[in-house]
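Number of protein chains: 2
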Amino acid sequence: MALIVQKYGGTSVGTIERIENVAEKVSRTRDAGNSVVVVVSAMSGETNRLLDLARGIDQNPTQREMDVLVSTGEQVTIALLSMALTKRGCPARSYTGGQVKILTDSAHTKARILDIETERMRADLDAGRVLVVAGFQGVDEGGNITTLGRGGSDTTAVALAAALKADECQIYTDVDGVYTTDPRVVSEARRLDRITFEEMLEMASLGSKVLQIRSVEFAGKYNVPLRVLSSFEEGPGTLITYEEEDQAMEQPEISGIAFNRDEAKLTITGVPDRPGVAYKILGPIGESNIEVDMIVQNVGADDTTDFTFTVHRNDYEKALGLLERTAADLGARSVSGDKKIAKISLVGVGMRSHAGIASRMFECLAKEGINIQMISTSEIKISVVIDEKYLELGVRALHSGFGLEGAQEETISS
Amino acid sequence: MALIVQKYGGTSVGTIERIENVAEKVSRTRDAGNSVVVVVSAMSGETNRLLDLARGIDQNPTQREMDVLVSTGEQVTIALLSMALTKRGCPARSYTGGQVKILTDSAHTKARILDIETERMRADLDAGRVLVVAGFQGVDEGGNITTLGRGGSDTTAVALAAALKADECQIYTDVDGVYTTDPRVVSEARRLDRITFEEMLEMASLGSKVLQIRSVEFAGKYNVPLRVLSSFEEGPGTLITYEEEDQAMEQPEISGIAFNRDEAKLTITGVPDRPGVAYKILGPIGESNIEVDMIVQNVGADDTTDFTFTVHRNDYEKALGLLERTAADLGARSVSGDKKIAKISLVGVGMRSHAGIASRMFECLAKEGINIQMISTSEIKISVVIDEKYLELGVRALHSGFGLEGAQEETISS
Chain A
58 MALIVQKYGG TSVGTIERIE NVAEKVSRTR DAGNSVVVVV SAMSGETNRL LDLARGIDQN
118 PTQREMDVLV STGEQVTIAL LSMALTKRGC PARSYTGGQV KILTDSAHTK ARILDIETER
178 MRADLDAGRV LVVAGFQGVD EGGNITTLGR GGSDTTAVAL AAALKADECQ IYTDVDGVYT
238 TDPRVVSEAR RLDRITFEEM LEMASLGSKV LQIRSVEFAG KYNVPLRVLS SFEEGPGTLI
298 TYEEEDQAME QPEISGIAFN RDEAKLTITG VPDRPGVAYK ILGPIGESNI EVDMIVQNVG
358 ADDTTDFTFT VHRNDYEKAL GLLERTAADL GARSVSGDKK IAKISLVGVG MRSHAGIASR
418 MFECLAKEGI NIQMISTSEI KISVVIDEKY LELGVRALHS GFGLEGAQEE TISS
Chain B
58 MALIVQKYGG TSVGTIERIE NVAEKVSRTR DAGNSVVVVV SAMSGETNRL LDLARGIDQN
118 PTQREMDVLV STGEQVTIAL LSMALTKRGC PARSYTGGQV KILTDSAHTK ARILDIETER
178 MRADLDAGRV LVVAGFQGVD EGGNITTLGR GGSDTTAVAL AAALKADECQ IYTDVDGVYT
238 TDPRVVSEAR RLDRITFEEM LEMASLGSKV LQIRSVEFAG KYNVPLRVLS SFEEGPGTLI
298 TYEEEDQAME QPEISGIAFN RDEAKLTITG VPDRPGVAYK ILGPIGESNI EVDMIVQNVG
358 ADDTTDFTFT VHRNDYEKAL GLLERTAADL GARSVSGDKK IAKISLVGVG MRSHAGIASR
418 MFECLAKEGI NIQMISTSEI KISVVIDEKY LELGVRALHS GFGLEGAQEE TISS
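First to last, the protein sequences are chains A and B. Quick note: to get the working numbering, add 57 to the position in the first sequence (first position is 1). Quick note: to get the working numbering, add 57 to the position in the second sequence (first position is 1).
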């Protein structure tokens, strides 16, 4: 008998009909002989309704009371889902974060989980009950209600799975798994049966927003097998785990292609090539809370250097102003920028043991006449920046060039 | 410095604007040098919205989960009111029933309060904070959320006032106090400055639905001075206390006139006058969970007796059917009934020391040509049943006959 933690987000429990649908899925999982803990979010729209009420009173309401307010959203869902389960003859009991209890620090609206008491949950599970737990919330040492911040229900599910040593943590979403790339761009994109935590983190941070990064990190840290599935369709979804020894040998080189078009590029040329120059350029950017993603530095002629980096497009104008001031200070030759860029990344743990991925990537893009403006690599990722208008073409060429449509044999997930 | 418990019902906190209005009142009470504990209900309409969600899943949902669900209504209000107070520079902190904690038995949806922890509240009050407590809810020994049933917020307020030994428990409603009778029937009806717990109980149970009976009983039991005031208008309201020794002498004979028209009368005549006959008649009625209000028995001629009683109009047909069966068993002469009756009651603790109230009452009604069908008396109440069509006429005649328009000097409540 396996212990499964299932998490259903706001869209999955957005109406009474959908809550009934969730009850059906939970009930079937239990009937198959499993112990089940369910974590739910607020019904979609409910959190915004509550936030609107608060803003009607104060644009910056006290955070302790914000947590008291918004935590009611999940409390409504746990009660309704428990009713729907009980109606089906499936014994169930709801728990708020405080009742479990999920102990957090006192950082209201963005609290972190410190500890989870499992004794009471164990007793319920031993008695054959399904536990329905409110996601996204906890309680601090003083008994004050806290919330984990937006998207925190995924974290609750993973933390419960870790505390209970669950066999699997299943995250139900509106997609049926993690894909080799965005199916809206490449129609041949294929659902992955498996992906490693590291790959998932690279995919997620690059814009494949299937899971909250924090919950993936958490699952990786505590080695909780994580599965992404659809609330609305049947299917095995995608299992996120550490690579197993015997699988590492036959790991595909590339698992997926991530991309985004929300960055902008800034270049400063003819900077005197002295120690500390990188700090002088990026210091003011960082102090203005602008996040820098890729950084490339080339040595130029006559003891000067060229320096290029990317920021979020929303920060482009601000960063350009700062950079122009720095250029004047340093006596640099010129400052330029470009908002119409896109980043494409190949991600795969197989990359570690296979040489030549980078050159094949560049070849693929060259064949399509796509010029590469920047390159950056990590152990399991290669990213390039290209002209935004070639994004779709580039992603499709790479997807096909690395045989992602069907190279990997489909394996049935258990 | 006085300790005041204030309770605001659903209508008083029904919109953001009204919550701001409540914050204003609470803030002023604190600024006047008082310690304040506020008890609030769910925003009007919210409880019904939640009940509709539950009914969408199950017509008879599990009661434990009903409590988890509906208790979110008050939790939303405590958060919003605390925000509104904090915005005004009035330090405030919200508490759910479980956080206080208000310990109840485990009778979900109709729990009774067993104990209230005051330590944490005292610390907040000592620190100058206003406490905003969710009405209507508590927590049982096992940490499960319970609710006190509809109208339970009044009970929460009184119980908190008793536990904290508050100087006054103020119940804010949509009326500005307790009246000598219903102002919709008698335009000269006058707000009472004071009324005793006993009188209030008689008035409340007779249809003056200003306060929940249970909360009045509770306040009387723990001797908590209770004040009824309007959320929307300024004014001293009506103070409900025990009569004080020095006041008893000048107590008015009659404090108010209560009435209702939701009863029906049933009569069985020519019943053999034997011991146990009353039980034989009323036994089947009680077993069918029909509540009997007034009972009158007259000895008739030839060793038989006539027996009349009243029930709620909704139970009339059912009671009549039962009575006809009993009549056949007992060999009674006839069974008759009347749904078009009304009951009028004079209420007043002064009645104890003044003879002749009853005869003056009958004289008043006789002058208007109103026939009295039944009479029943208690220590502080005389009730008569008359033809429904004379109800308004009778109430007005009595209100004027006993000088209720202005006989009592207005005293300024402190």
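All C-beta atoms in this analysis are idealised placements derived from N, C-alpha and C, irrespective of residue type, glycine included.
Burial state of residue i, where buried means 16 or more other Cβ atoms lie within 10 Å
| i | result |
| --- | --- |
| A/Glu74 | exposed |
| A/Ser92 | buried |
| A/Asn280 | exposed |
| B/Ile469 | Any reading at B/Ile469 is ruled out, since the residue's pLDDT is 37, under 50, leaving its predicted position unreliable. |
| B/Gln116 | exposed |
| A/Met58 | exposed |
| A/Asp360 | exposed |
| B/Tyr299 | exposed |
| B/Ser229 | Here the sequence assigns Tyr to residue 229 of chain B, which means Ser is not the residue at that position. Under this definition B/Tyr229 is a buried residue. |
| B/Asn105 | exposed |
| B/Arg331 | exposed |
| A/Gly234 | buried |
| A/Ala412 | exposed |
| B/Ala141 | buried |
| B/Ala191 | buried |
| B/Gly155 | buried |
| B/Lys397 | exposed |
| A/Asp231 | exposed |
| A/Met178 | buried |
| A/Gly407 | buried |
| B/Ala464 | Because the pLDDT at B/Ala464 is just 49, under 50, the model does not fix this residue reliably, and the point stays unresolved. |
| A/Glu198 | exposed |
| A/His456 | buried |
| A/Ser393 | exposed |
| A/Arg390 | exposed |
Limits of the alpha helix (DSSP H) - the one that residue i falls within
| i | result |
| --- | --- |
| B/Val349 | Unbroken run through B/Val349 is the beta strand (DSSP E), Val349 to Val356; no alpha helix (DSSP H). |
| A/Gly277 | Ile270 to Lys278 |
| A/Tyr447 | Counting along the chain, A/Tyr447 falls outside any alpha helix (DSSP H), and DSSP gives it neither H nor E. |
| B/Leu138 | Gln120 to Lys144 |
| B/Asp231 | B/Asp231 -> no alpha helix (DSSP H), and no H or E assigned at all. |
| A/Tyr336 | Val334 to Glu344 |
| B/Thr204 | Per DSSP, B/Thr204 belongs to no alpha helix (DSSP H); it is in the beta strand (DSSP E), Ile202 to Thr204. |
Which residues DSSP lists as bridging residue i, in chain order
| i | result |
| --- | --- |
| A/Phe364 | A/Ile325 and A/Gln354 |
| B/Ile439 | B/Leu403 and B/Thr434 |
| B/Ala454 | DSSP output for B/Ala454 lists no bridge partner at all. |
| B/Glu320 | B/His369 |
| B/Glu225 | B/Ile61 |
Range of the contiguous beta strand (DSSP E) that encloses residue i
| i | result |
| --- | --- |
| A/Phe316 | Gly313 to Asn317 |
| A/Arg493 | A query on residue 493 of chain A cannot be resolved here, the shown segment of chain A reaching from 58 to 471 and no further. |
| A/Ala149 | Ala149 to Tyr152 |
| B/Ser84 | Element bounds for B/Ser84: not the beta strand (DSSP E) but the alpha helix (DSSP H), Ile73 to Asp88. |
| B/Ile478 | Nothing about residue 478 of chain B can be read from this structure; chain B reaches only from 58 to 471. |
| B/Gly195 | Gln194 to Val196 |
| B/Leu108 | Where B/Leu108 is concerned, there is no enclosing beta strand (DSSP E), although the alpha helix (DSSP H) it sits in stretches over Glu103 to Ile114. |
| B/Ser492 | Because chain B spans 58 through 471 in this model, residue 492 of chain B falls outside it and cannot be assessed. |
| B/Ala191 | Val187 to Ala191 |
| A/Val95 | Ser92 to Val97 |
| A/Ser287 | Leu283 to Ser287 |
Any non-hydrogen atom of the ligand FAD within 6 Å of residue i CB
| i | result |
| --- | --- |
| B/Glu462 | Inclusion of the ligand FAD in the displayed structure is not the case, the ligand content being empty and no account of it being possible. |
Worksheet item: Are the stretch 333-346 of chain B and the stretch 377-385 of chain B touching, with three or more C-beta to C-beta distances below 8 Å?
Response: The answer is yes - the stretch 377-385 of chain B touches the stretch 333-346 of chain B, with three or more Cβ pairs under 8 Å.
Worksheet entry | Any 3 or more C-beta pairs closer than 8 Å across the stretch 238-251 of chain A and the stretch 186-202 of chain A | Between the stretch 238-251 of chain A and the stretch 186-202 of chain A there are fewer than three C-beta pairs closer than 8 Å, too few to call the two in contact.
Worksheet item: Name the residues in the stretch 370-382 of chain B whose C-beta lies less than 7 Å from a C-beta of chain A; which are they?
Response: Contacts with chain A (Cβ-Cβ distance below 7 Å) from the stretch 370-382 of chain B involve no residue at all.
Discussion item. Tell me which residues of the stretch 141-162 of chain B have at least one Cβ-Cβ distance to chain A shorter than 8 Å, keeping chain order.
Written reply: From the stretch 141-162 of chain B, only Ala141, Thr143, Lys144, Arg150, Ser151, Thr153, Gly155 and Gln156 have a Cβ closer than 8 Å to chain A.
Worksheet item: Is the number of C-beta pairs between the stretch 290-298 of chain B and the stretch 83-97 of chain B that are closer than 8 Å three or more?
Response: No: fewer than three Cβ pairs fall under 8 Å.
Discussion item. Pairs of beta-carbons, one from the stretch 308-317 of chain A and one from the stretch 362-376 of chain A, closer than 8 Å: are there three or more?
Written reply: Taking 8 Å as the limit for Cβ pairs, the verdict is that the stretch 362-376 of chain A does not touch the stretch 308-317 of chain A.
Worksheet item: For the stretch 210-229 of chain A against the stretch 254-261 of chain A, are there 3 or more C-beta pairs whose distance is under 8 Å?
Response: Cβ pair count under 8 Å is below three, so no.
Worksheet item: Using a beta-carbon distance cut-off of less than 7 Å, what residues from the stretch 181-208 of chain A approach chain B?
Response: Result list: Gly200.
Practice prompt. Taking a Cβ distance cut-off of 7 Å, strictly less, list which residues of the stretch 119-131 of chain B are near chain A, in chain order.
Written response: Considering only beta carbons, the part of the stretch 119-131 of chain B lying closer than 7 Å to chain A consists of Thr119, Glu122, Val125, Leu126 and Thr129, in chain order.
Worksheet item: When you check each C-beta in the stretch 93-108 of chain A against every C-beta of chain B, which residues fall closer than 9 Å?
Response: Hits within the stretch, in order: Met100 and Leu107.
Worksheet item: Pairing CB atoms from the stretch 417-427 of chain B with CB atoms from the stretch 450-460 of chain B, are three or more of them under 8 Å?
Response: Two segments are said to touch when three or more pairs of C-beta atoms, one from each, lie closer than 8 Å; by this definition the stretch 417-427 of chain B touches the stretch 450-460 of chain B.
Discussion item. Quick check: the stretch 145-164 of chain B against the stretch 169-176 of chain A, are at least 3 beta-carbon pairs closer than 8 Å?
Written reply: These segments do not touch.
Worksheet item: Which residues, in chain order, does the stretch 330-349 of chain B contribute to contact with chain A at a C-beta distance below 7 Å?
Response: Residues: none.
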